Amino acid sequence: MADVMIVGEIIEGKLSASTTEILGAARKLAGDLGQNVCAVLLGSGIGDAANEAISFGADKVYTIENEMFADYTNDAYVGALEKLNAEAAPEIILMGQTSNGMDLAPRLAFRLGSAATLDCIDLTIDPDTKLMQKTKPVYGGNAVAVYVSEAKPQIATVRSKTMDPLAQDTSRSGEVVAFDPGLDSSAMRQKVVDKVKEEVEGIKLEDADVVVCGGRGVGSAEAFEELRELAKQLNGALGASRPPCDSGWVPNNIQIGLTGKMVAPTVYIGIALSGSSQHQAGMSGSKNIIAINKDAEANIFGISHYGVVGDYKKVIPAFAEKCKELLSG
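With positions in the sequence shown counted from 1, the corresponding number in the working numbering is that position plus 60.
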């Protein structure tokens, strides 16, 4: 029986958040198809991550363990997954919309003679054709489109925080299979020569439940400090639209948008930003969007759940004081 397969990622010995999310999505798709869920973990020193994958919904876990998989290279990963596909023949392959997933999915699809749809925000099964329907933003986030491919396996990457992981159940049982793709490490054309870890102050932007994001209207690097303090107060992370990053007020690694990072926090607070379609493409999946802007016609109000028309310099101090009062109570 064909399975719904996910390609997981391991960070510091544990499954990444995006991996647990796509396991939840795979479980739903497999239920609609009457199939099982299998996970693939590639790396060196996979450890307990295989059992963790089972606890989050996998029925079977393939471990591909070798030093050549310690760091992502498309040569090794595509080659290994091509070999595994020949044995497992999955119906569907899911990956996270991560730097690895965005590179791997289209390469693997080409190798398998299939097609890949990237940055999906919803996945369903057509009850008549039993094909996967993949919904993703298009035109800079101004619209969504549904894609269907008859080519097998059906491959998709999933945007972070658009799918809910299952509650972890450590009592679940499953099968762990060590798979050897038989690749020759000397034939690999790529190798990682150095790694530079991104310096993050506080909570990582993509993982934050609360994101405080400032735009051009904040006015200066000094003014961003007030937003940084609000983010800390809410145990969240600071973000920015592109103009403040281009102006050098804040580092580029906190830019949110089509050419920056994709976030989908529980609470997103957009301050003094217009909400261009490019910016919306990076945050429209947020569950609660709060907009503060003195321009009542700003685009951000079109997608916000709550909005305040006013000068942020007057709104934020009162907002921060009320938050402090509620949090201390």
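We treat Cβ as the ideally placed atom computed from N, Cα and C, and that holds for glycine.
Every value quoted in this text rests on a predicted model; they were computed, and no experiment measured them.
(request) In angstroms with no decimal places, state the Cα-to-Cα distance between phenylalanine 361 and alanine 351. (result) Stepping through the sequence shown from its first residue, residue 361 is reached at position 301. Stepping through the sequence shown from its first residue, residue 351 is reached at position 291. Rounded to whole angstroms, phenylalanine 361 to alanine 351 spans 6 Å at the Cα level.
(message) Given this structure, state the Cα-to-Cα distance separating lysine 470 from alanine 77, to the nearest angstrom.
(response) Any question about residue 470 goes unanswered here, given that the chain covers just 61 to 389.
(request) Could you spell out where the beta strand (DSSP E) holding glutamine 193 opens and where it closes? (result) Numbered from 1 along the sequence shown, position 133 holds the residue referred to as residue 193. Run containing glutamine 193: 192 to 198, per the beta strand (DSSP E) assignment.
(request) Mark phenylalanine 170 as exposed unless 16 or more other C-beta atoms lie within 10 angstroms of its C-beta, in which case mark it buried. (result) Start at 1 with the first residue of the sequence shown, and residue 170 comes out as number 110. With fewer than 16 Cβ atoms within 10 Å of its Cβ, phenylalanine 170 is classed as exposed.
(request) Report the three-state DSSP secondary structure of tyrosine 132 (helix, strand or coil). (result) Residue mapping note: residue 132 aligns to position 72 of the sequence shown, counting from 1. Correct three-state label for tyrosine 132: coil.
(request) Quickly, what does DSSP pair glutamine 315 with across the bridge? List them, please. (result) Stepping through the sequence shown from its first residue, residue 315 is reached at position 255. Ala300.
(request) Report yes or no: do the stretch 152 to 170 and the stretch 231 to 239 share at least 3 C-beta pairs separated by less than 8 Å? (result) They do not touch, by the three-pair rule.
(request) Keeping to the same chain, check which residues put their C-beta closer than 6 Å to that of leucine 294; ignore five residues upstream and five downstream. (result) Locating residue 294 in the sequence shown gives position 234, where the first residue counts as 1. Apart from sequence neighbours up to five positions away, the residues of its chain that approach leucine 294 with a beta-carbon distance below 6 Å are Val270, ordered along the chain.
(message) For glutamate 151 and aspartate 63, which I take to be in contact (beta-carbon distance under 8 Å), what is that distance rounded to the nearest angstrom?
(response) If you number the sequence shown from 1, residue 151 lands on position 91. If you number the sequence shown from 1, residue 63 lands on position 3. Rounded to the nearest angstrom, the Cβ distance from glutamate 151 to aspartate 63 is 7 Å, consistent with a contact under 8 Å.
(request) Can you tell me which of Ser364, Thr217, Ala356, Ser336 puts its alpha carbon nearest to the alpha carbon of isoleucine 329? (result) Your numbering for residue 329 matches position 269 in the sequence shown. Residue Ser364 is the option with its Cα nearest to isoleucine 329.
(request) With distances taken Cα to Cα, identify the nearest neighbour of glutamate 69 among Thr217, Leu226, Gly173. (result) The count along the sequence shown starts at 1 and reaches residue 69 at position 9. The residue with the shortest Cα to Cα distance from glutamate 69 is Thr217.
(request) Could you name the residues of the same chain whose beta carbon sits closer than 7 Å to that of glycine 274, not counting the 5 residues immediately before and after it, in chain order? (result) Here residue 274 refers to the residue found at position 214 when the sequence shown is read from its first residue. Excluding residues within five positions, the ones whose Cβ falls inside 7 Å are Phe284, Leu287, Ala300, Pro304, Ile331, Ala332, Leu333.
(request) Give a yes or no on whether 9 Å exceeds the smallest Cβ distance from aspartate 186 to chain C. (result) No chain C is present in this structure, which holds just one protein chain.
(request) Give a yes or no on whether the C-beta atoms belonging to lysine 143 and proline 241 are separated by under 9 Å. (result) Position 83 of the sequence shown, counted from the first residue, corresponds to residue 143. Position 181 of the sequence shown, counted from the first residue, corresponds to residue 241. In this structure, lysine 143 places its C-beta atom within 9 Å of the C-beta atom of proline 241.
(message) By the three-class DSSP mapping on this structure, what secondary structure does valine 138 have?
(response) Taking the sequence shown and counting its residues from 1, one reaches residue 138 at position 78. Three-state result, valine 138: helix.
(message) I'd like to know if the stretch 114 to 122 and the stretch 88 to 100 are in contact, where contact means that at least 3 CB-CB pairs between them fall below 8 Å.
(response) By the Cβ criterion, the stretch 114 to 122 is in contact with the stretch 88 to 100, since at least three pairs of Cβ atoms, one from each stretch, lie closer than 8 Å.
(message) How far does the beta strand (DSSP E) with glycine 367 in it extend, from its first residue to its last?
(response) Taking the first residue of the sequence shown as 1, we reach residue 367 at position 307. Counting along the chain, the unbroken beta strand (DSSP E) around glycine 367 starts and ends at 366 to 369.
(request) May I have the straight-line CA-CA distance separating serine 336 from asparagine 359, to the nearest angstrom? (result) Translated into positions along the sequence shown, residue 336 becomes position 276. Translated into positions along the sequence shown, residue 359 becomes position 299. Cα-Cα distance, rounded: 6 Å.
(request) Alpha carbon to alpha carbon, how far is proline 325 from serine 388? Give it in angstroms, no decimals. (result) One-based indexing of the sequence shown puts residue 388 at position 328. One-based indexing of the sequence shown puts residue 325 at position 265. Per the coordinates, the alpha-carbon of serine 388 lies some 23 Å from the alpha-carbon of proline 325.
(message) Between His339, Glu81, Val67, Ala109, which has its C-alpha nearest alanine 140's C-alpha?
(response) Start at 1 with the first residue of the sequence shown, and residue 140 comes out as number 80. Its Cα nearest to that of alanine 140, the residue Val67 stands out among His339, Glu81, Val67, Ala109.
(request) Just confirm the distance between the C-beta atoms of alanine 130 and serine 104, as a whole number of angstroms; I'd bet it's less than 8 Å. (result) Against the sequence shown, residue 130 aligns to sequence position 70. Against the sequence shown, residue 104 aligns to sequence position 44. That belief holds up - the Cβ atoms of alanine 130 and serine 104 are roughly 4 Å apart, short of 8 Å.
(request) Compute the Euclidean distance between the alpha carbons of glutamine 340 and lysine 321, then round it to the nearest angstrom. (result) Along the sequence shown, read from residue 1 onward, the residue named residue 340 stands at position 280. Along the sequence shown, read from residue 1 onward, the residue named residue 321 stands at position 261. Across the structure, glutamine 340 and lysine 321 are spaced so that their CA atoms are roughly 11 Å apart.
(message) Looking only at its chain, what residues have a beta carbon closer than 6 Å to the beta carbon of aspartate 186, apart from the 5 residues adjacent to it on each side?
(response) Numbered from its first residue, the sequence shown carries residue 186 at position 126. Setting aside the 5 residues that flank it on each side, aspartate 186 is surrounded in the same chain by Gln193, each with a C-beta closer than 6 Å to its C-beta; the list follows chain order.
(request) With DSSP collapsed to three states, give me the class of alanine 211. (result) Along the sequence shown, read from residue 1 onward, the residue named residue 211 stands at position 151. In this structure, alanine 211 counts as coil in the three-state DSSP scheme.
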